[in-house]
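Working notes, structure below.
Protein chains in written order, with our numbering: chain A, 1 to 111; chain B, 1001 to 1116.
Structural data, given as structure tokens:
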């Protein structure tokens, strides 16, 4: 079993929809949680990070962490075609000082 | 502007040939990483370096080698021992390994390597 599981998609939604992207994890030592966005043939870029449980909002993006369920989510409101990309979750436990990445979910927002 | 530069963007390798991928950063970051990305497999860590003149193997180091002689540079050599090298290679850096928990990694734009 992988430490971090992420549905690969692809996920296709109409413009303006609310998108929910999710990751589950098995390592209870993970404390910091991140979301990256990767456009085709480009490197990932950090969208936002959260520490421990709770919500964090940044514009149209909301990151949510539920440590009791070992489940994290990224919500995108009023989705736009420019949001079409692969979204990767990443987590940091501290011991190895390295991030552990999910496999990524491919999102397509259609006009 | 600060960032990570990977070159070349596209690289073609013949069977039995060694090739070197370049990664340069001007962010004054201590830690650097090399990942391989294949469809459906996400990012797999090849090598990482937390400080100059020191590096550690990641999960899939076989057939690869690195050096870290300068803080700014972390080149990756794909040797002929790597049997399936066709992939998208990403270099990343972070301020320090511990600092990655809040700063995350900064990635380059990648090098697509194809065996011909």
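The C-beta atom is built at its ideal place from N, Cα and C for all residues, glycine as well.
The continuous alpha helix (DSSP H) containing residue 1100(B) extends over residues 1100–1103.
By the Cβ-count criterion, residue 2(A) is exposed, with fewer than 16 other Cβ atoms from all chains shown falling within 10 Å of its own Cβ.
Against chain B, the CB of residue 32(A) has a partner CB under 8 Å away; the residue lies at that interface. Only 44, 45, 46, 49, 51 from the region 44–57 of chain A bring a Cβ to less than 8 Å from some Cβ of chain B. Residue-level contact check: residue 24(A) does not touch chain B, since none of the beta carbons of chain B fall below 8 Å from its beta carbon. For residue 1046(B), the enclosing beta strand (DSSP E) stretches over residues 1042–1051. Excluding residues up to 5 positions away in sequence, 1068, 1069 lie with their Cβ nearer than 8 Å to the Cβ of residue 1053(B) in the same chain. Contact between the region 1014–1030 of chain B and the region 1070–1077 of chain B is present: 3 or more CB-CB pairs across the two stretches fall below 8 Å. Assignment of residue 14(A) by DSSP, reduced to helix, strand and coil, places it in the strand class. Taking a cut-off of 8 Å on C-beta distances, the region 1103–1116 of chain B touches the region 38–51 of chain A, as three or more cross pairs fall below it.
In the DSSP assignment, residue 4(A) falls within the beta strand (DSSP E) that extends over 4–6.
DSSP, read as helix, strand or coil, puts residue 66(A) in strand. One Cα belongs to residue 1035(B), the other to residue 1083(B), and the distance between them is close to 17 Å.
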